[in-house]
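Asker:
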Amino acid sequence: MKRERGAATVEFAMMLPLMLILIFVTIEFGRAYYHYNTLAKTVREAARYLSVRAPNVNVAQAKNIIVYGNPAGTGNPVVPGLSVSNVPNPTYTVTGNLPVITTVTVTVTGYTFTPMVSSVFGFPLNNITFSPISATMRSPT
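Reading the sequence shown from the start, the letters are residues 212 to 352 in the numbering used here.
1. Is Met348 buried or exposed, if buried means 16 or more other CB atoms sit within 10 Å of its CB?
2. Does the beta-carbon of Pro343 have 16 or more other beta-carbons within 10 angstroms, so that it is buried, or is it exposed?
3. Between the C-alpha atoms of Thr318 and Tyr303, what's the straight-line distance to the nearest angstrom?
4. Give me, in chain order, the residues of the same chain whose beta-carbon lies closer than 8 Å to that of Thr325; leave out the 5 immediate sequence neighbours on both sides.
5. Taking contact to mean at least 3 C-beta pairs separated by less than 8 Å, is the stretch 258-270 in contact with the stretch 238-246?
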């Protein structure tokens with residue numbers, strides 16, 4: 212029995228770095244997922260905002276909704292590192308003849324998620340560049 216004293220402490224000390232790596236990586240991927248969902252939500256809000264307006268009206272306000280969460284463009288960006296330059300102009304599509312269907316597509320491109328730390332115990336946590344996030348809404352007319 213005396214030879215087993217402290218064995219649990221040694222085992223814990225050996226496993227601690229692996230557990231910390233898993234915890235930090237899980238937290239960072241959770242943050243990245245949260246940022247992606249936040250961007251998807253603001254893109255849908257901007258598409259909804261533009262869908263009830265005439266084409267090419269209030270585009271700057273829609274971009275502010277995506278970046279700042281409000282049409283006035285006040286406050287901090289909804290996710291760190293997002294700017295109006297990540298939001299290209301929306302595209303409008305008119306199809307059909309009776310009835311005419313107008314849709315608006317809003318997109319965020321080139322957003323890069325930056326982790327809080329660059330590495331955990333030598334395991335690198337690189338920046339993640341999201342693929343374009345877009346939403347399309349139909350105009351009610």
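Virtual Cβ for every residue (Gly too), placed ideally from N, Cα, C.
Answerer: To lay it out plainly:
1. In the sequence shown, counting from the first residue as 1, residue 348 sits at position 137. Result: buried.
2. Taking the sequence shown and counting its residues from 1, one reaches residue 343 at position 132. Under this definition Pro343 is an exposed residue.
3. For the purposes of this step, residue 318 is taken as residue 107 along the sequence shown, with counting starting at 1. For the purposes of this step, residue 303 is taken as residue 92 along the sequence shown, with counting starting at 1. If you take the alpha carbons of Thr318 and Tyr303, they lie about 12 Å apart.
4. For the purposes of this step, residue 325 is taken as the residue at position 114 of the sequence shown. The residues are Pro291, Gly292, Asn338.
5. no
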